[in-house]
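Colleague:
Residue numbers (the numbering used here): 2 to 291.
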């Protein structure tokens, strides 16, 4: 795992930080350590290795919870949005997205809505195939910056939801341990210990109340909506119509005639003339007017 990678940090490391920062500071207070003392005792390499291990654990728990949520929702958010009209995409918008996906993805041809409703399993398989290709074609994080941000936020919400019960248990255990240690040692700083224990309990409640199924679902459907909407991106347009005019070129024709000279000489063009730099150039010799 590369901690320096933007997605790795947002989706896997930040959930660890949110779950572990309060218990970590509480333990430092309990043993009367400073951050400098901790760094001097525990090598930096060990910390990085431990975080990398936790990041793999967080990813696996998030993926496991993702499968459970997909079953509760009736399928993947991208498939559900592509399968039939919804509040995210009405009938017309969905039809446009399907037409664009047929141009972008190979081997994809969506039948009518009636046919898709009759054979849901085949329709889901086709949607999954199209979405898999679309996801691979939108890997460029610079071209699809907004999609990448939605993907990072969804990964963060999913993985934080996957480890929330571990976080709740950790906060409650640290709160109990801080209070018990203070009472056992008959410390004079029990008021501070009680405050730290209360903070741990508060964070446990926040994890339970805020980090729930709705928390993940809103992020999942926001990412799915942005992924399907990327079909209309200009990065997928290979051939564009243009209204650019050709560059000016010198013509091997009779000398250009100034517009003012025509008015005074009594000559006029008998056929369309070319206008370049406010000067008229005949497309072919024109006779004088008698």
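The beta carbon of each residue, even a glycine, is placed where N, CA and C say it ideally should be.
Going by Cα to Cα distance, which pick from 87, 198, 178 and 225 is closest to residue 148?
Modeller: Residue 148 sits at position 147 when you count from the first residue of the chain shown. Minimum Cα distance to residue 148 is reached at 225.
Colleague: Residues in the same chain with beta-carbon distance under 7 Å from residue 157, minus the five sequence neighbours each way, listed in chain order, please.
Modeller: Residue numbering aside, residue 157 sits at position 156 when the chain shown is read from its first letter. Once the five neighbours on either side are set aside, the close Cβ partners of residue 157 are 11, 12, 15 and 16.
Colleague: Name the two residues that bound the continuous alpha helix (DSSP H) containing residue 136.
Modeller: Position 135 of the chain shown holds residue 136. Counting along the chain, the alpha helix (DSSP H) containing residue 136 begins and ends at 121 to 138.
Colleague: Take every Cβ of the region 196 to 212, pair it with every Cβ of the region 166 to 182, and state whether three or more of those distances are shorter than 8 Å.
Modeller: yes
Colleague: Is residue 117 buried or exposed, if buried means 16 or more other CB atoms sit within 10 Å of its CB?
Modeller: Within the chain shown, the letter at position 116 stands for residue 117. Answer is buried; the Cβ neighbour count reaches 16.
Colleague: Under 8 Å between the Cβ atoms of residue 175 and residue 27?
Modeller: Locating residue 175 in the chain shown gives position 174, counting from the first residue. Locating residue 27 in the chain shown gives position 26, counting from the first residue. Cβ distance < 8 Å, so residue 175 and residue 27 count as in contact.
Colleague: Beta carbon of residue 132, beta carbon of residue 80: below 8 Å?
Modeller: Residue numbering aside, residue 132 sits at position 131 when the chain shown is read from its first letter. Residue numbering aside, residue 80 sits at position 79 when the chain shown is read from its first letter. Cβ atoms of residue 132 and residue 80: closer than 8 Å.
Colleague: Is the region 203 to 212 close to the region 52 to 69, with three or more CB pairs under 8 Å?
Modeller: no
Colleague: Considering only the alpha carbon of each residue, which of 70, 75, 97 and 114 lies closest to residue 298?
Modeller: There is no way to answer for residue 298, as the model of the chain reaches only from 2 to 291.
Colleague: Taking the CB atoms as reference points, tell me whether residue 65 and residue 9 lie closer together than 8 Å.
Modeller: Taking the chain shown and counting its residues from 1, the one referred to as residue 65 is at position 64. Taking the chain shown and counting its residues from 1, the one referred to as residue 9 is at position 8. Not in contact: residue 65 and residue 9 (Cβ atoms no closer than 8 Å).
Colleague: Can you list the beta strand (DSSP E) stretches of 3 or more residues lying completely in the region 164 to 242, in chain order?
Modeller: none
Colleague: Alpha carbons only, please: which of 78, 23, 18 and 32 is nearest the one belonging to residue 49?
Modeller: Counting from one through the chain shown, the residue named residue 49 turns up at place 48. When each option's Cα is compared against that of residue 49, the closest is 18.
Colleague: What's the call for residue 47, buried or exposed, on a 16-neighbour Cβ count within 10 Å?
Modeller: Reading the chain shown from its first residue, position 46 is the one you call residue 47. Looking at its Cβ environment, which holds fewer than 16 other Cβ atoms inside 10 Å, residue 47 is exposed.
Colleague: Contact check, residue 151 vs residue 223 under 8 Å by CB: the rounded distance?
Modeller: On the chain shown, position 150 is the one that residue 151 refers to. On the chain shown, position 222 is the one that residue 223 refers to. With a Cβ gap of about 6 Å, residue 151 and residue 223 count as contacting.
Colleague: Look at the Cβ atom of residue 193, then the Cβ atom of residue 20, and state whether they are nearer than 8 Å.
Modeller: Counting from 1 along the chain shown, the entry for residue 193 is found at position 192. Counting from 1 along the chain shown, the entry for residue 20 is found at position 19. Result no, Cβ atoms of residue 193 and residue 20 do not sit closer than 8 Å.
Colleague: Report the CB separation of residue 7 from residue 153 in whole angstroms; it is logged as a contact under 8 Å.
Modeller: Numbered from its first residue, the chain shown carries residue 7 at position 6. Numbered from its first residue, the chain shown carries residue 153 at position 152. That pair is a contact at about 7 Å.
Colleague: Rounding to the nearest angstrom, what Cα-Cα distance links residue 162 and residue 25 in this structure?
Modeller: As a position in the chain shown, residue 162 is number 161, starting the count at 1. As a position in the chain shown, residue 25 is number 24, starting the count at 1. C-alpha separation (whole angstroms): 20 Å.
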